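Mapping of the sequence shown onto the numbering used here: residues 37 to 358, in sequence order.
C-beta: ideal position from N, C-alpha, C; glycine also.
The structure displayed is predicted, hence computed values, not measured ones.
Working notes for the structure below.
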Amino acid sequence: MVTMTVSHERKDALGAVWDAVSSGWGSVTSGGVWNNAETDQEYATRLAQWEASGFAHEEARRLGQKPPRAPRGWRKRQQPEIKRGDKAKYGVLGWARTVEVTRGANGWHVHIHAVLVLEGRQQAHERAYALGRSMHTRWNKGIAKKGFTSSKKHGLRIDVSEGAERQLAEYLTKAGEPEKAVRNSVEKAGKALAREATLGQHKIAKRGGRTPFQILADLELGDAEDWAIWTEWLRNSKGRRQLTWSAELRELAGLLTEESDEEIAAEKVGSEDETILVLPIESWRELRRDSHRVAHVLNLAEQSPHELEQWLNREGLIWIVT
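Below you can see the structure in the form of structure tokens.
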């Protein structure tokens with residue numbers, strides 16, 4: 037996982053900082069430095085052309101004729117390198133990127149978490165760190181277009197986890213769990229990486245900062261500045277995608293098409309004929325205190341309605357037959 041940020045001040049508007057972040061990410065994942073993937077055959081053809089042009093230059097000079105321009109590197113016999121962008125060079129199978137936003141003493145802090153899936157485990161850490169540094173170079177060029185810079189000390193963070201696939205899958209589907217401090221082993225590193233990358237809306241911001249929804253929760257105190265900050269968030273977050281992933285990763289996951297919000301909302305998700313039972317609002321509120329229990333109820337509803345009824349009885353939760 038690569039985390040990249042921009043340096044900002046309290047006076048910087050959220051829209052301006054977010055535009056810089058978008059520009060930075062666009063520079064990272066576009067152009068030849070990222071996408072080039074020259075095959076061995078294509079390189080062999082280009083190398084042959086380089087040698088032919090060089091020999092033609094030498095022959096013209098030998099005959100006292102005006103020589104054509106020598107190809108780059110010919111005089112020192114430095115052959116051209118194969119054209120491989122970061123994706124091909126470091127074995128990037130795909131990426132998922134999220135934008136996380138907090139508000140602190142220094143204003144809006146907008147940063148990127150990008151999980152990149154690399155092929156194979158050979159020199160995994162070395163490839164990951166080299167890839168992160170290469171991405172950060174282009175990130176700086178992109179944010180500079182919007183008038184921002186990135187701190188050398190705090191602008192880049194690289195986390196590497198091997199074998200985290202199962203943990204990523206689990207944590208993508210358990211967003212209601214409370215935050216836990218997870219360190220050390222590879223398995224725990226996978227959990228931490230998954231949480232950091234995917235659950236930004238559930239975090240408690242550090243060092244005095246607050247997430248937008250922490251700010252919303254604080255509005256009950258009636259702070260006028262908080263109201264102004266919240267409305268700025270509403271205006272500038274509208275229409276921006278906070279979680280995106282590459283076409284390659286979608287294909288790898290077998291999800292080649294993505295439904296729009298309108299299509300999802302229009303889907304038929306059940307009917308009265310398919311209703312198993314009804315939970316009164318009091319039972320539902322009791323269940324929602326623990327996200328694990330909610331998930332358990334849904335699983336039982338799909339697998340065994342009879343076992344669901346027995347479980348609700350054991351838990352002392354009222355339910356109604358339809």
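Under the 8 Å Cβ criterion, the region 155-169 does not count as touching the region 60-68, having fewer than three qualifying pairs. Contact check for I194 against V38 passes: the beta carbons are separated by less than 8 Å. Here E74 has I118, K119 and R120 as same chain residues with Cβ atoms under 7 Å from its own Cβ, once five neighbours each way along the sequence are excluded. The C-alpha of R169 lies about 14 Å from the C-alpha of K123.
If you compare the alpha carbons of E351, A302, W175 and G183 with that of G191, the shortest gap goes to W175. Of all C-beta pairs linking the region 107-117 to the region 135-147, fewer than three are shorter than 8 Å, placing the two stretches out of contact. If you compare the alpha carbons of R108, H332, Q101 and S58 with that of A88, the shortest gap goes to R108. Buried is the label assigned to I265, since at least 16 other Cβ atoms lie within 10 Å of its Cβ. Residue environment: S282 is assigned as buried (16 or more neighbouring CB atoms within 10 Å of its CB, all protein chains considered).
One thing to note: H44 has its Cβ no nearer than 8 Å to the Cβ of V57. Taking a C-beta distance under 8 Å as the contact criterion, L50 and E268 qualify as a contact pair. E95 and G156 have their C-alpha atoms roughly 47 Å apart.
With 16 or more other Cβ atoms from the protein chains shown falling within 10 Å of its own Cβ, R139 counts as buried. Secondary structure in the region 101-129: no beta strand (DSSP E) run of 3 residues or longer lies completely within the stretch. Residue environment for T41: buried (at least 16 other C-beta atoms within 10 angstroms of its C-beta). Apart from sequence neighbours up to five positions away, the residues of its chain that approach V153 with a beta-carbon distance below 8 Å are V128, L129, G130, W131, L285 and L288, ordered along the chain. Ranked by Cα distance from A106, the options V69, H93 and I317 are led by H93.
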